[in-house]
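Here is the structure we will look at, set down as structure tokens.
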Amino acid sequence: MTARMARLSLTPQEMEKLGRAVEQMLQYFSHMREIDVDDLEPTTHALLQENRTRGDVERAADVSDTLVNNAPRREEHFIVIPNVL
Amino acid sequence: MDWHGTATIEGKREKWMKFAQARNRELGCFLQLDPEIGREASSGDGPLAGIPFGVKDNIAVRSFRLTCGSRMLQSFVSPYSATAIERLQKAGAIVAGKTNLDEFGMGSSTENSALLETRNPWDLRRVPGGSSGGSAAAVAAGIVPFALGSDTGGSVRQPASFCGVYGLKPTWGAVSRYGLVAYASSLEVIGVVAKTVDAADQAFTIMRGQDPMDHSSLPWPSRAPQGGRLRIGVPRECAEVPMHTDVKKTLTRTQDMLRDMGHTVEEVSFQTFDHVVSSYYVIATAEASANLARFDGVRYGHRTASADNPEEMTLLSRNEGFGDEVKLRILLGTYVLRSGFQDEYYLRAQKIRTAIRRDFEKAFSELDLVLMPVYPVPPFERGGSDSDSFSQKLADIFTCSANLAGLPAMSFPAGKENGLPIGMQFLAPAFAEELLIDACRQVESVFPSPDAPGYPKSWS
């Protein structure tokens with residue numbers, strides 16, 4: 052179930068091996084229950100400041116060819132994937 | 289040793305290149321060693337004129353590959369350069385090449401690289417540490433005077449310590465992350481591995497500061513570094529961590545040395561100490577599972593040869609492209625974020641993170657610096673006989689708290705036991721890098737980075 056959500060098609064051997072490793076970590080995580088967190092706010096970023104916006108202006112990057120050339124399969128400037136339908 | 293012009297001045301350049309290639313064949317520091325490409329993009333002029341440096345292969349340098357040590361990106365060529373790289377190139381420095389790492393920065397030994405094996409210059413049977421192991425080995429071997437790494441939970445400090453050189457993990461946001469391949473965004477930062485404190489200081493000073501390309505980068509506040517007698521705290525809880533005797537011995541000796549210099553060394557208590565590793569791994573894997581979702585085999589990276597539809601293409605491409613440790617962390621991160629489990633794991637870990645920050649705030653209300661070991665054991669042997677993947681995670685106990693709290697930390701060589709270097713680290717309040725660097729410089733004047741076997745004498 053978790054593997055499917057993670058978009059990984061694991062072999063039965065991997066499923067067993069990685070499943071054991073995940074189990075070991077989850078068991079270790081269970082120690083977190085010992086600490087009282089009731090009056091604490093969660094921290095998402097230690098030092099994040101207020102939102103900063105940038106001007107809505109055009110900028111040249113000149114990277115489109117290199118980006119498209121990194122595609123595993125392409126026809127001219129299009130990226131090709133297996134048939135959807 | 290003066291490194292200016294090493295990669296540019298005729299005579300010096302050839303001598304250096306010959307040494308670098310030979311040493312790299314033995315040690316496997318670089319996935320791609322090609323200063324010719326690096327030279328094209330450098331100004332060649334400035335405070336770092338002609339100085340070659342290494343770049344961990346999860347940081348983008350235009351025209352070099354960007355593999356992250358993964359089959360997933362084995363042939364990916366970077367279309368642009370990280371801001372940190374551009375700033376160093378403007379100062380005249382030259383990218384020598386891309387250094388090996390644990391796949392996507394996940395590991396403590398560089399053994400999780402799918403592409404190359406890296407050896408510790410102090411003992412070829414041992415690991416260089418990780419995940420920035422290639423960078424640390426290249427610096428310790430004398431191929432480059434400094435190299436960039438990334439530190440998500442200790443990945444700059446631990447390999448630097450394993451190889452007997454300096455490792456600076458800056459304040460979160462002090463150096464732009466534009467061009468750093470994302471693993472755990474709220475924890476990671478680009479840092480420096482260096483042979484001398486001066487080299488680390490110089491590279492950091494050039495790289496730091498706000499960048500329009502990284503929304504989370506922060507402006508550098510100029511503040512005068514305080515000198516004089518420092519109050520240094522050592523967490524009482526360190527003593528409860530199972531530590532190798534050589535590390536224990538080095539910790540005690542470092543405290544004595546600091547007292548001899550006139551500083552105060554005292555105990556301090558961190559109530560959250562036992563929970564930092566759990567909190568760290570919940571948060572890091574959760575963020576990794578989200579960040580690595582981008583690898584779907586469509587626009588870049590590995591694509592399976594055998595898929596009949598897009599869904600299958602993504603599932604198979606990911607399974608073929610990622611190694612075991614990466615899969616483990618993606619699975620774990622997906623699990624802790626699942627609805628129904630989120631409060632128990634992810635939310636709780638974030639609340640513990642708040643408690644960890646408060647522990648540091650309290651400590652730094654009375655202290656200038658915190659001193660800790662970097663890693664509980666000396667460099668271990670390759671092959672997992674002395675340290676498996678689970679115990680390597682638990683061993684992040686000394687390093688990952690700085691990442692959770694966003695604080696700067698710097699590891700320094702503090703001793704040599706049985707022929708292997710042992711490192712310690714200082715932690716400081718946010719943006720107090722100058723204090724860290726100054727304290728390391730004081731230690732360096734008494735105990736400089738020891739030269740690994742075969743370290744070069746000069747290039748002229």
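Chains as they are written, first to last, in my numbering: chain P, 52 to 136; chain C, 289 to 748.
Heads up, the beta-carbon is just placed ideally off N, CA and C, and yes, glycines get one too.
Everything numeric in this text was worked out from a predicted model, so none of it was measured.
Residues of the stretch 433-462 of chain C with a C-beta less than 8 angstroms from any C-beta of chain P: Thr-459, Trp-460, Gly-461, listed in chain order. Under the DSSP definition of a beta bridge, C:Met-712 partners with C:Pro-661, C:Phe-700.
For C:Pro-667, no alpha helix (DSSP H) encloses it, and the DSSP letter there is neither H nor E.
For P:Pro-63, there are no neighbours in chain C by C-beta distance under 9 angstroms, as the nearest C-beta there is about 13 angstroms away. Among the CB atoms of chain P, one or more fall inside 8 angstroms of the CB of C:Ala-718. Using a Cβ-Cβ cut-off of 8 angstroms, P:Glu-92 counts as an interface residue toward chain C, since at least one Cβ of chain C sits closer than that to its own. In this structure, C:Pro-409 keeps its C-beta atom at 8 angstroms or more from the C-beta atom of C:Lys-483. Counting the other Cβ atoms within 10 Å of the Cβ of C:Ala-310 gives fewer than 16, which makes it exposed. Residue state for C:Gln-730 is assigned as helix, using DSSP reduced to three classes. C:Ile-520 is bridged by DSSP to C:Val-553, C:Leu-657.
Between C:Thr-642 and P:Pro-93, the C-beta gap is smaller than 8 angstroms, which places the two residues in contact. Following the DSSP letters along the chain, one finds C:Pro-340 inside the beta strand (DSSP E) bounded by residues 340-344. For C:Gln-320, the beta-bridge partners assigned by DSSP are C:Lys-386. Separation of P:Leu-91 and C:Ile-640 (C-alpha to C-alpha, rounded to the nearest whole angstrom) is 8 angstroms.
Annotated three-state conformation of C:Phe-735 is coil, per DSSP. Closer than 8 angstroms to the CB of C:Asn-597 there is at least one CB belonging to chain P. When only Cα atoms are considered, C:Ala-402 and C:Arg-359 end up about 6 angstroms apart. Taking a cut-off of 8 angstroms for Cβ pairs, the stretch 460-470 of chain C and the stretch 556-565 of chain C do not touch, as fewer than three such pairs fall below it. By DSSP's assignment, C:Tyr-454 forms a beta bridge with C:Ala-482.
DSSP places C:Phe-434 in the uninterrupted beta strand (DSSP E) bounded by 434-439.
Of all residues in the stretch 361-375 of chain C, those with a C-beta nearer than 7 angstroms to a C-beta of chain P are Phe-364, Val-365, Pro-367, Tyr-368, reading in chain order.
Remark: three or more beta-carbon pairs, one from each stretch, lie closer than 8 angstroms, so the stretch 309-329 of chain C and the stretch 339-348 of chain C are flagged as touching. In the three-state reduction of the DSSP assignment, P:Asn-102 falls in the coil class.
In this structure, the alpha-carbon of C:Glu-374 lies about 47 angstroms from that of P:Glu-85. Scanning chain C for C-beta atoms nearer than 7 angstroms to the C-beta of P:Phe-80 yields Ser-566, Val-570, Tyr-633, reported in chain order. Segment contact: the stretch 536-556 of chain C against the stretch 691-703 of chain C, three or more CB-CB distances shorter than 8 angstroms; contact assigned. Taking a C-beta cut-off of 9 angstroms against chain P, the contacting residues of the stretch 641-654 of chain C are Arg-641, Thr-642, Ala-643, Ile-644, Arg-645, Arg-646, listed in chain order.
One thing to note: C:Asp-656 has its Cβ within 8 angstroms of the Cβ of C:Ile-520. Closer than 8 angstroms to the CB of P:Ala-57 there is at least one CB belonging to chain C. Pairing C:Ala-595 with P:Pro-133 gives a Cβ-Cβ distance under 8 angstroms. Counted as a single uninterrupted DSSP element, the stretch harbouring P:Ala-57 is not any alpha helix (DSSP H), since DSSP gives it neither H nor E. Taking a C-beta distance under 8 angstroms as the contact criterion, C:Gly-418 and C:Ser-397 qualify as a contact pair.
In the three-state DSSP reduction, C:Asp-562 falls in the helix class (H, G or I). The C-beta of C:Gly-707 has fewer than 16 other C-beta atoms within 10 Å across all chains shown, which makes the residue exposed.
The closest CA to that of C:Arg-496, considering only C:Thr-294, C:Glu-528, C:Pro-507, is found on C:Pro-507. If you check each beta-carbon in the stretch 114-135 of chain P against every beta-carbon of chain C, the ones closer than 9 angstroms belong to Val-114, Ser-115, Asp-116, Thr-117, Leu-118, Val-119, Asn-120, Asn-121, Ala-122, Pro-123, Arg-124, Ile-130, Ile-132, Pro-133, Asn-134, Val-135.
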